[in-house]
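This report refers to the structure that appears directly beneath it.
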Amino acid sequence: MNKKTLRRVEPYIWIAPSVILMAVFILVPICSVFQIAMNDVSKAGKLRGFNNFANFSKVLKSPTFALVLKNTIVWTIAVVVISTVLGFLLALVLNNKFRGRKIARAIVVFPWATTLVIQASAWNFIINTDYGTLNTLLMKLRLISAPVNWTPNAGAYFAWEIACGIFVTIPFVTFCVLSGLQSIDTSYYEAATVDGATYFQKLFSITLPLVKSSLTVATVLNIIYVFNSFPIIWTMTKGDPASRTDTLVTYLYKLAFYNSKQGEAAAVSVIGFLILLICASTYMIYTLRKGDDDL
Amino acid sequence: MKKILAAVLASTMALALAACGGGGGTTSGTPQTCGGSSNTPAPSTGGKVEISAIVAEYGQNTRTWWADFEKEFNASHDDINLTVEVQSWNDISTVVNTRISGDAAPDILNIDLFAAYQADDLLLPAQDYVSADTYAKFYQSFLDQSVVDGVVWAIPDLASARAMYYNKDILEAAGVEVPTTWDELKAACEAIKAYDSNIYPWGIDMTTDEGQAAAAYYIWNNGGDFTDADGNWTLNSDKNVEAIEYAIGLINDGLTNTDPANETRYNLQDLLGAGQLAMMIGPNSIPTYVADGGYSVNLGVASIPTNGGNPSVSAGVMDRFMVFDNGYTDEELAAITEFFDYFYEDTRYSEWVLMEGFLPATSAGGEIVAASDPEMAPWVEIVGSCKFYPVAKAEWDDVKTGIIRAEQEALLGGNVQELLDNLQAEIAG
């Protein structure tokens, strides 16, 4: 083999292990899910052959699916948008020099570093009517005289789950943005200050355009993570009452492991995959193209 | 174009990565390889007959008990090599289903449900592998729970039953007798509420975990049932509707815990232990649970209240052993028979049941358990006569989740009659 060929082949050799690993551990399971979704699956898990997309039509016809899809969209948008805004603001604060900044940054990581199941259980413990710490605290402070039911209906439960989702997602956004902020050369700000720019002019004309790429990455990953998030909702409500707090992931889990409808569960999974693929690709194409125009 | 392609590729990869990372807490740890190596029966090594079993992990001591069992069994049977694999309740179905799809079903399986395996023609009839002596030990009512088309497909391993637990001190302070009928129950709840509005008089769990049990308590004690005598679904019968409406009525009148769609039986047991709940229906393990939680309340146990003069019915839950049809030779089948004879030997079996804290499925076991633990004695009596869910019917999974959904919809204001009519139409077609 001459040097030229070797040089051409070399990069492929380097990436071969990761490509093979991804093929085995990612593509195979994905194909397997597609296969199950297209098959008539017995309750004991036996594949009985192609069933003309019956799993998909059953899922799409079910009124619960529409409800669950709506919940998933509300859940994803609310958690991603609010946590991105709050995470961005927090990153701006943490980027300033102040006493105890290191400790503050460390504290921000805590929610991120704790297991989601533990986080969700803690939130459940806080808002519980009978023994919740929130009621205990408010009663000690004499702000309320009797325990308040913080979860009087399904909507309230869902709001608490979204709040918990936001709380655990903020650190991720903060750190992505913070890394972007730290890479901005201070001379831009100095030049702007000399030209008499206000704080908001600097924020919108320097900071935002320059952290956009980190923000894009954070948002795309967040959409995927939040859309697929299982532990918070499962720990807090299991999707109850009557699927009012179910998202696609908890719904498909129930279909697969409570109803033994693995074919339909796989179909829900495929639908979720396609939705995410479209959303994430559109978002990336849009932001990347816009980024090019700006530069 | 290249950029678009790159973006699509990148998001596919990110998605795939998220799919890998996002599965935490769901089924992690389950995919034990299904290469079909050790589980298919093979009259292999050293002329020994190989048999394999997958059993459910009931408690902290299950693993040790089965490890000892395996050792003793193999030591006393030179010609058999038994392998027992203990799986947690979270994983056991997934593990077994994975094995089945890899044509590597275990020989013996200990789990709750059998109908799905039977429907796929995967099981052997119980009388093919259980000796007449062992077969004669089981309560007939237990064997009846595993009958499909007149054939018994699985044998019971243990059971649990339900009764009403109440806080004696609260009932006494509120000046009420232990209720035996629905009318008395409602009156007692109102009296307790009047005595102390911070105490929940009655506990109801209509969660995804165990909402079907709530339905069973009221339906069965109103003379209703999930099926008729011929095994046809009767989910929307008048008695069933009346029963669910009664339970929902108690909740709407503020006589129960605040959130029955999200508060599981364990939450209720905590409230009972903390003295915040006066009465609830639950299994015989409640006193132990309450004591382990560090609570000390004065608990009493009584039959579940009934309506319309019907006798009180306890709800039973039963688990099973079944044998997969792996094309056995006579020696292999004999080895499996020997396994069950050895396991159901009276002393060994009752020791296991006592260790797990459940109720026995054999009459001899029942006598030993009742004699060794006076607190268990009334329960042994209850379990011999309690009613079970119709799990032999393959639609039970759908009925179970359907009835829970109906209860939760009713909690949100739905009409019970309509909800059960819809469920009946969906299930019975």
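Listed in order, the protein sequences are those of chains A and B.
Here the first sequence stands for residues 1 to 295, where the numbers follow this note's numbering.
Here the second sequence stands for residues 296 to 724, where the numbers follow this note's numbering.
For every residue, glycine included, the Cβ atom is placed at its ideal position computed from N, Cα and C.
For the pair of segments examined, the segment 64-84 of chain A was found to touch the segment 152-162 of chain A: the number of CB pairs separated by less than 8 Å reaches three.
Distance check between B:SER532 and each of B:ILE546, B:TRP515, B:TRP691 places B:TRP515 closest, using alpha-carbon atoms only. In this structure, A:VAL270 sits away from A:LEU215, with a CB-CB distance that is not shorter than 8 Å. Taking 8 Å as the CB threshold, A:LYS238 lines the interface with chain B. As for any alpha helix (DSSP H) of minimum length 4 sitting wholly inside the segment 249-286 of chain A, there is none. Rounded to the nearest whole angstrom, the C-alpha separation of B:THR378 and B:GLU345 is 8 Å.
Annotated three-state conformation of A:LYS43 is coil, per DSSP. Scanning the segment 13-71 of chain A for uninterrupted beta strand (DSSP E) segments of 3 residues or longer gives 39-41, 47-50, listed from N- to C-terminal end. Under the Cβ criterion of 8 Å, B:TYR412 is counted among the residues facing chain A.
By the 16-neighbour rule on beta-carbons within 10 angstroms, B:PHE521 is buried. B:THR476 and B:ASN552 have their C-alpha atoms some 20 Å from each other. For B:PRO401, no beta strand (DSSP E) run applies, since DSSP gives it neither H nor E. Short of 7 Å from the beta carbon of B:VAL442, and not among the five residues preceding or following it, lie these beta carbons of its own chain, in chain order: ALA687. Proximity of B:ASP415 to chain A, defined by a Cβ-Cβ separation below 8 Å, is satisfied. Close to B:GLU704, with beta-carbon spacing below 7 Å, are these residues of chain A in chain order: ALA242. When the five nearest sequence neighbours on each side are left out, the beta carbons in the same chain lying within less than 6 Å of the beta carbon of B:GLU651 are those of TYR353, GLY354, in order along the chain. Looking at B:ARG358, B:ILE375, B:GLU380, B:ASP548, the one whose alpha-carbon comes closest to that of B:ASP625 is B:ILE375.
By the CB criterion at 8 Å, B:ALA509 and B:ILE499 fall inside the cutoff. Contact between the segment 563-578 of chain B and the segment 483-494 of chain B is present: three or more C-beta pairs spanning the two stretches fall below 8 Å. Scanning its chain for C-beta atoms nearer than 6 Å, with the 5 sequence neighbours on each side dropped, one finds around B:GLU558 the residues ASN552, in chain order. Looking at A:LYS202, A:GLY263, A:ASN259, the one whose alpha-carbon comes closest to that of A:ALA37 is A:GLY263.
Of the candidates A:LEU89, A:TRP150, A:TYR12, A:LEU89 places its Cα closest to the Cα of A:LEU203.
A straight-line Cα-Cα distance of about 7 Å links B:ILE543 and B:ALA705. Legend: CB atoms of the segment 480-511 of chain B lying less than 7 Å from CB atoms of chain A belong to residues THR502, THR503. From the listed residues B:PHE364, B:ALA449, B:HIS372, the smallest Cα separation to B:GLY342 is found for B:HIS372. Looking at B:GLU702, B:VAL596, B:GLY697, the one whose alpha-carbon comes closest to that of B:PRO673 is B:VAL596. As the crow flies, the alpha-carbon of A:VAL194 is around 21 Å from that of A:SER183. For B:LEU572, the enclosing beta strand (DSSP E) stretches over residues 572-578.
Going by DSSP, B:PHE616 is part of the beta strand (DSSP E) stretching over 610-618. Under DSSP, no beta-bridge partner is assigned to B:ASN516. Under a 10 Å Cβ-count criterion, A:ASP246 is classified as buried, with 16 or more other Cβ atoms of the shown protein chains found around its own Cβ. For B:GLU380, the enclosing beta strand (DSSP E) has its first and last residue at 375-382. Counting the other Cβ atoms within 10 Å of the Cβ of B:ASP554 gives 16 or more, which makes it buried. By DSSP's assignment, B:TRP497 forms a beta bridge with B:THR551, B:MET574. Scanning A:PHE34, A:CYS279, A:MET236 for the CA closest to the CA of A:ILE126 turns up A:MET236. The C-alpha of A:ASP130 lies about 43 Å from the C-alpha of B:GLY724.
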